[in-house]
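Residue numbers (this note's numbering), protein chains in the order written: chain A, 163 to 410; chain B, 163 to 410.
2 protein chains.
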Amino acid sequence: MKILLTNDDGIYAPGIYAIYKELIKFADVTVVAPDSEQSSVGHGITLNNPLFVRKVSRKDKFFGYAVSGKPADCVKLGIEVILKKQKPDLVVSGINFGNNDGCSIFYSGTVAGAREGALMGVDSLALSLDCWENPDFTESAKVGAKLTKLVAKNKLPKGTFLNVNIPQGKIKGILPTRQGTEPIHGQFEKRRSPHEREYYWMSGKNPTHVNDNSIDTYALRNGYVTVTGVHCSLTDEHFLSKLQEWKF
Amino acid sequence: MKILLTNDDGIYAPGIYAIYKELIKFADVTVVAPDSEQSSVGHGITLNNPLFVRKVSRKDKFFGYAVSGKPADCVKLGIEVILKKQKPDLVVSGINFGNNDGCSIFYSGTVAGAREGALMGVDSLALSLDCWENPDFTESAKVGAKLTKLVAKNKLPKGTFLNVNIPQGKIKGILPTRQGTEPIHGQFEKRRSPHEREYYWMSGKNPTHVNDNSIDTYALRNGYVTVTGVHCSLTDEHFLSKLQEWKF
């Protein structure tokens, strides 16, 4: 089994190394990941800058290819250039340091890595750990490897990928879920630079969570691994019939 | 009617000025746009850098607020800080220089501007001109203003926004469409820098277009303005029932 592995925390992050060690037990893994942290870059791609690629070692052994771009760049360049247009069996993105459930899905570079895989016709999954300090990727890497094997066995529909979020600490189980749609409200702290210029720093206010284990935002905080099937066809089909009645 | 106007080509781009001139004929328009070009940044947001804001004039008159961030930042900061949490009636994003139909929707900062508006609970639309050189935004600005009025009149479902693409030249009509799902394949040109380092430059190979005016990619190239209702709930509901049968 051939796996292309990427992330958005960068090729030197602990999360990608943890899942790598699990995946190489059963697969041929090619790592193509950003050379620096690319958190919250969404599905951005690099069209107006060159992409440099260099080989990276970890623990004195060749680990993978660092790209001066974003996760979606890594998947595109990984398949087209590094794998010489030979599609892998799977694209795995992560493990992200921090949750990517609910509307985080729009901002996440990790999720975009998996979406890019799906767009290129490869079964893909994004893995994220719900933790913001002192992460321990041991358990989440095992869960990630288990789900990777399940995807390889069961396959995914064309244009659909899995967005997986894993709680830190005790895991109650694995649940198929829906993406939470409650927005993350931006909060802006006004500050003053050493040069006396005002600036703003954005943070996010966590959304309200409905008490419903079928929604990823709730089930994750309730201790479950959430597995959401995400598709790449964004048309609101229900609204389309109404739109057809508009007088243009 | 209060409108928040943004784009991804930057506050000095011709497209945003063209639609601004049309919108101020019937609305109170607040421009909050990136201070530099932010094409293909997708739905990225700025969490690890400060956001600076400055006032910008065009033709010796106050035009709007330039933000050192991405389109989604501009919408968040525009509503939270500049409009002091007072939601506008509409968010308009564009007019983009270049098409954002089909799978471009994932990479586009312009589309992300409208999606962020929708996430914040505001009826929103993204406007893009299908043209890559010598753009003339005169006609597309009129079409954009017309569609903006229609959205204000008819309203949109919660969490759904409009992705509008407008052909350059003669317009055959306005069609409700679906997002094309054919992927845009990245192509990488290998080059050598003046410092003798190899690099790659990405371009995109246009997707194949099915002969079907209900798909935006085809209808746009066939001379129609395409209006696609895009939703922010990405769960593949059909696949969810299959996923529930997986043995976790």
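The C-beta atom is built at its ideal place from N, Cα and C for all residues, glycine as well. Remember, predicted model here, so these are calculated numbers, not experimental data.
| query | result |
| --- | --- |
| Measuring only the C-alpha atoms, how far is Gly-231(B) from Ala-307(A)? | 36 angstroms |
| What runs of the beta strand (DSSP E), each 3 residues or longer, lie entirely inside the segment 211-235 of chain A? | 215-220, 223-229 |
| From Arg-353(B) to Trp-363(B), what distance separates their C-alpha atoms? | 8 angstroms |
| With distances taken from CA atoms, which of Glu-399(A), Asp-170(A), His-400(A), His-371(A) is nearest Glu-278(A)? | Asp-170(A) |
| With burial defined as no fewer than 16 other Cβ atoms inside 10 Å of the residue's Cβ, what is the status of Gln-200(A): buried or exposed? | buried |
| Just to confirm the assignment, what range does the alpha helix (DSSP H) spanning Gly-366(A) have? | Premise fails: Gly-366(A) lies in the beta strand (DSSP E), 360-367, not in any alpha helix (DSSP H). |
| The beta strand (DSSP E) with Lys-352(A) in it runs from where to where? | 347-354 |
| In angstroms, rounded to a whole number, what distance separates the CA positions of Cys-265(B) and Ala-276(A)? | 15 angstroms |
| Have a look at Gly-206(A), Ala-195(A), Tyr-174(A), Leu-213(A) and flag the residue whose alpha-carbon is nearest the alpha-carbon of Arg-359(B). | Leu-213(A) |
| Is the segment 343-350 of chain B touching the segment 323-330 of chain B in the sense that three or more CB pairs, one from each, lie closer than 8 angstroms? | no |
| Just mark His-393(A) as buried or exposed, buried being the case when its beta carbon has 16 or more other beta carbons within 10 Å. | buried |
| For Phe-188(B) and chain A, any beta-carbon pair shorter than 7 angstroms? | no |
| Could you have a look at Gly-335(B) and say whether DSSP puts it in helix, strand or coil? | strand |
| When you compare the CB positions of Ile-207(A) and Ala-234(A), do they come within less than 7 angstroms of one another, or not? | yes |
| Whose Cβ in chain A lies nearer than 7 angstroms to the Cβ of Phe-259(B)? | None at all; the shortest Cβ gap to chain A is about 13 angstroms. |
| Among the residues of its own chain, which have a CB less than 8 angstroms from the CB of Gly-204(A), if the five just before and after it don't count? | Phe-268, Tyr-269, Ser-270, Gly-271, Ala-274 |
| Which runs of the beta strand (DSSP E), 3 residues or longer, sit entirely within the segment 263-321 of chain B? | 285-292 |
| Distance cutoff 7 angstroms, beta carbons only. Does Asp-398(A) sit that close to anything in chain B? | yes |
| For Ile-328(A), name the three-state secondary structure that DSSP assigns. | strand |
| Buried or exposed, going by whether 16 or more other CB atoms sit within 10 Å of the CB of Asp-298(A)? | exposed |
| On the premise that Ala-303(A) lies in contact with Ile-181(A), defined as a C-beta separation below 8 angstroms, what is that separation, rounded to the nearest angstrom? | 5 angstroms |
| Mapping the DSSP letters down to three states, classify Pro-196(A) as helix, strand or coil. | strand |
| For Ser-198(A), collect the residues of the same chain with a Cβ closer than 7 angstroms to its Cβ; drop the 5 residues on either side in sequence, then sort them by chain order. | Gly-172 |
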